[in-house]
Amino acid sequence: MKSVGRIVPYLLSMLVKKPNTIMYPFVPAVVADDFRGALKFDKEKCIGCKICERVCPSDAIEIEKVADKQFKAIVLMDKCIFCGQCVDSCPKDALENTKNFELASLNRESMRVEI
Amino acid sequence: MEKETLVLNKLAGAFPCLEGAGVIPVERRIFLDVPSDIFMDVIKYACLELKFDHLCTITGLDAVDYFEFIYHISNSDGIVLNLKRRAPKENPVIDSVLPLYDGATFYELELEGILGAEVTGLPKDRQYPLPDSWPKGQYPLRKDWSPDSLQNNLQGEC
Amino acid sequence: MGKMVIPLGPQHPALEEPESFSLLLQGERVAAATVALGYNHRGMEKACESRTYIQNIYLLERICGICSHSHSTCYVQTVEMLAGLEIPKRALYLRALIGELERIHSHLLWLGVAGHEIGFMTLFMYAWKDREVVLDILEMLTGNRINYGMNTIGGVRRDITPDQAQDVLKCLDVLEERTAYYAKLVTEERTIVNRLSGVGILLKEDGLRFGATGPVLRAAGVAMDIRKDDPYGIYADLDFNVATDEHADVYGRAIVRVTELIESYKICRQVIKEMPDGPIVVKAPSKIPAGEAFSRYEAPRGEDIHYTRSNGTDKPDRVKVRAPTLANLAAITHMIEGGYLADVPIIIAAIDPCFSCTDRMIKVIDSSSGRENIFDWAGLRKYSMEWYSKQGIDFKNMNAFRKED
Amino acid sequence: MALTLFYILIFPGFLFLSVISLVFELIDRRLYARLQNRVGPPWFQPLADFIKLLSKESIVPKEADSRIFRIIPVFALAATATAFMYIPMWGLKSLYPFSGDLIVVLYFLTIPTLTFFLAGWFSSSLYAELGAIRVMTQFFAYEVPLYMSILGPALLAGTWSISGVTNYYHMHPLIALVNIPGLVVALFATQGKLERVPFDIPDAETEIVGGTFTEYSGRFLALFRMAIDFELVVMSALIAAVFFPVFIPSNPILGFLVFLVKLLIVVFLLTLMRTALARLRIDQMINFCWKVLAPFSLLQILIDLIVRGVIKA
């Protein structure tokens, strides 16, 4: 049965339903628990093997030696594609993905994070 | 593997020089090196007689000493016949398969555009996939090409 | 009224991605059409040659946001073939699950876009609302909404827990009900049927002749589906039907896609039910033995093809990608010509084009279209700075201003 | 004199019309969003859009006829604002009623359509010219059904003044029921006039980008958008006056509230229509207008003539 305006009853039923969208910046968006967001680095665990540097598809991570057996990670957030390969490849679990995804910035320098 | 062997046998029957040239690495995949002089006859035979009438794509690659072109054609049994032909780097001229496969235009234009092959019988009215303003003689898929050579080439023009 | 040539693209509201069509119009009718490809070339095939096999997975996954799992699976299959790896069953089941969820998300997206092209924004809003449900599942299972990063050489990276499987089944029930509603809406709402029927006809013979694939070909009555014809992964063990239709027009393509959605729900349920226990990944060597492999995958848009040649190092010698849209584009001018201008957007949308899949070439350097010069990134930046400073806007000052904030 | 100026510029004239059209644009957009299960824009969005457009750079294309390009939006605005003065708002009478004002209002309402055509044509751009041609093609399709459907009730009332029509049906409210086919035709034709889905063919963005308004930007576009908002209110008010001339209390304030409620009903129906339908192709649109709407509006006139004869007898 073809006719015009088949969707009208459904549309009207929407008037009494709660909207499906949210006013985003004012209402926080929820992401899944295992979300691959910004990287977290645990300098206690790092042994400086630099596997993460080698596997990174976009050269977004650098490990620098600061003192004997002391390392820091420099993450270039603008290059990072959040694939999580470094997290998978790290033999000591020193890297971790967090749920933080709100990383936009007007300033490119702020995308270079040292942890 | 019976169907695959049958295809190879039929090809060898029609073209005796192909005897023993085919490889079947896994199910439904046949790789076959074809000499350039009989290539068009082989692909025509495969397309019309053996009903390999779907052209998946054409891969062009720079094998350092020569160019290699692989025509991936398939039939309704899901068998993919990979016919390979070679062309010398100095004079990479191949024939168009447009008379057999109407959908080959973009694949062949790609060979011309990024590998610098010359496909005879292909309309030369457009360039794909590089922009029209791309400098002549720059073929990015060749192993000896690097973005620097493009940079140097452009300096005179800019 | 005389003839006029109008450009459709590279920037046009009907196109989600830049690509240039030019149409010769006679009144409202399209007398001739040409398509110029290449606006999205990013040099992926060349870039693959300078990256390791593992890095290439993430690069090739980004060929296209919507069929990212298709491209990465297809590529990984070739590498696994070359390395001679035996993939654990559970990993194959998980790949199939993500692949089908991706198909669901892609087809729902298409339904929305089709609504947008024919000016039916409500369909767009509802279809995308339901697509959100799939995206949430995918985010839960893989950690991201589109570039899932699920595949690795030798298996998959994340396992699924029984709780998650239950969540997926629950969402599938919701989606199945919604899809049944859309199937009813698309076939019963007269304004939709009028806009889709008899538009962009591609008959069986022409489809085969141009080498069209996927729903475009299936809508013409050819039951071509790589999952059946050339089964990969676990598809040989699954029970599903290939959706076909005889309309051979945009309406047929819509029906094929909606039917495929329903088949995909069926496949997802089977996969979850029959998923065996066991490891999800085997160790893969970093150096792949020399050889060549060719793999086909039924992406939501059709036949996706990857060819990889290895040379014994940890980097491939050549990776060739043929996305489904390129195959379907060969037939697009045939479909557009003779129709109305108003139908051009929906005809283009009906092949579900993915131009970023189609174009892949040049690395780092891009041309600024319409200009004679070719800039590299730094040059382009410099040029834009100069252009804006001529207009009285100085970005250097703006940066200084930002720092003061 | 001062009072007349007040009427024309403040209430119920230009300023009031501006405010109420922004309010109705908001209602339209909010309702559209809610029907699609979205939150929709915040309350200040139409005003914010208007101010933003005013503050943007206004570009006049080199090829365009600069003078006409700039002046056309003002014509559209003025014509719709003038038409509004002849529609009764709080009682049975409009401000300056005269016999034949119905025809005059309808003619004032054709001016915006003509300005859209001229705007597109004098933009001298491909998409704008295509849009202009589509405006005219569509105009010839919906205009006749629209006029006939509105003239039907007037024929029955035996007057060519809107106030007269309102007055007549106010006296005989039940007779207004025979005009329902005309109402349906008028609602569809109004969508065509306002260029909204299913008849947004002249500015179908997925086909011809912005259609007639492709080249418009900044304050000229702001004025055009304002004119379209005005048109929405004026058309809705006209439909309300001709087809719903019932429950008009003598208290002006109450009467005004009733007027707003009627406007709401008409805008709701128009919004529902644009939510529930897909855009038609131009050939389908013309077919629909001539093969469905025109016969129905003729039927409406026939019904009205018969009813008139019965009542006279």
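Chains as they are written, first to last, in the working numbering: chain A, 1 to 115; chain B, 1001 to 1158; chain C, 2001 to 2405; chain D, 3001 to 3313. Ideal placement from N, C-alpha and C gives every residue a C-beta, glycine not left out.
Just checking: is the beta-carbon of residue i within a distance shorter than 9 Å of some beta-carbon in chain C?
i: D:D3200; result: yes
i: A:C83; result: yes
i: A:Y10; result: yes
i: A:C46; result: no
i: B:D1033; result: no
Would you say residue i faces chain B, with C-beta separation under 9 Å as the test?
i: C:A2290; result: no
i: C:E2176; result: no
i: C:P2231; result: yes
i: C:R2318; result: yes
Using the C-alpha atoms, what's the distance from residue j back to residue i?
i: C:V2364; j: C:R2042; result: Because the pLDDT of C:V2364 is 33, which lies under 50, any placement of that residue in the model is unreliable, and the number read from its coordinates should be weighed accordingly. Cα to Cα, the separation comes out at about 7 Å.
i: D:A3227; j: C:G2027; result: 29 Å
i: D:S2968; j: A:P28; result: Outside the displayed range of chain D (3001 to 3313) lies residue 2968 of chain D, so it cannot be described from this structure.
i: D:P3145; j: D:N3167; result: 24 Å
i: C:H2306; j: C:I2262; result: 28 Å
i: B:L1032; j: B:N1082; result: 6 Å
i: A:N100; j: A:V75; result: 14 Å
i: A:M111; j: A:D59; result: 14 Å
i: C:Y2181; j: C:E2189; result: 11 Å
i: C:I2255; j: D:I3282; result: 25 Å
i: C:S2068; j: C:E2061; result: 5 Å
i: A:M14; j: D:Y3032; result: 11 Å
i: C:D2229; j: D:G3192; result: 50 Å
i: A:K2; j: C:V2186; result: 10 Å
i: A:G37; j: D:E3195; result: 45 Å
i: A:E109; j: D:K3062; result: 41 Å
Going by CA-CA distance only, name the one from the options that's closest to residue i.
i: D:G3091; options: D:P3073, D:L3293, D:A3241 and D:L3277; result: D:A3241
i: B:K1003; options: B:F1039, B:F1052 and B:T1105; result: B:F1052
i: B:H1072; options: C:F2294, C:M2335, C:R2301 and C:E2298; result: C:F2294
i: D:T3212; options: D:N3287, D:L3232 and D:L3130; result: D:L3130
i: C:E2017; options: C:A2127, C:I2066, C:Q2055 and C:N2056; result: C:I2066
i: B:E1112; options: B:I1030, B:E1049, B:L1100 and B:F1069; result: B:F1069
i: C:T2308; options: C:T2078, C:R2296 and C:G2009; result: C:T2078
i: C:Y2232; options: B:I1079, B:L1008, B:I1038 and B:T1005; result: B:I1079
i: D:T3214; options: D:F3247, D:F3116 and D:Y3007; result: D:F3116
Against chain A, does residue i count as a neighbour if the rule is that its beta carbon must be under 9 Å from one of theirs?
i: D:R3038; result: yes
i: D:T3214; result: no
i: C:N2241; result: no
i: C:E2061; result: yes
i: C:K2315; result: no
i: C:T2078; result: no
Start and end of the alpha helix (DSSP H) containing residue i?
i: D:P3181; result: I3180 to L3194
i: C:M2081; result: S2068 to A2083
i: C:Q2164; result: P2162 to E2188
i: C:G2027; result: Segment: none, C:G2027 is in no alpha helix (DSSP H) and carries neither H nor E.
i: D:G3164; result: I3162 to M3171
i: C:K2273; result: V2250 to E2274
i: A:L76; result: Unbroken run through A:L76 is the beta strand (DSSP E), Q70 to L76; no alpha helix (DSSP H).
i: D:V3267; result: P3252 to A3276
i: C:I2104; result: K2089 to E2117
i: C:I2234; result: Taken as a continuous stretch (DSSP letters only), C:I2234 belongs to no alpha helix (DSSP H), as it is neither H nor E.
i: D:V3105; result: D3101 to F3122
i: A:R54; result: I51 to V55
i: C:P2285; result: No alpha helix (DSSP H) holds C:P2285; DSSP gives it neither H nor E.
Cβ of residue i less than 9 Å from any chain D Cβ?
i: C:D2344; result: Strictly speaking, residue 2344 of chain C in this sequence is Val, with Asp absent from that position. Closer than 9 Å: yes.
i: C:T2122; result: yes
i: A:T118; result: Residue 118 of chain A is absent from the structure shown; chain A starts at 1 and stops at 115.
i: A:P28; result: no
i: C:N2328; result: no
i: C:L2111; result: no
Kindly indicate the opening and closing residues of the beta strand (DSSP E) around residue i.
i: D:L3232; result: It is not in any beta strand (DSSP E) - D:L3232 instead sits in the alpha helix (DSSP H) that spans G3218 to F3243.
i: D:L3077; result: It is not in any beta strand (DSSP E) - D:L3077 instead sits in the alpha helix (DSSP H) that spans S3066 to F3084.
Runs of alpha helix (DSSP H) wholly within the stretch 82-115 of chain A (minimum 4 residues, chain order): 85-89
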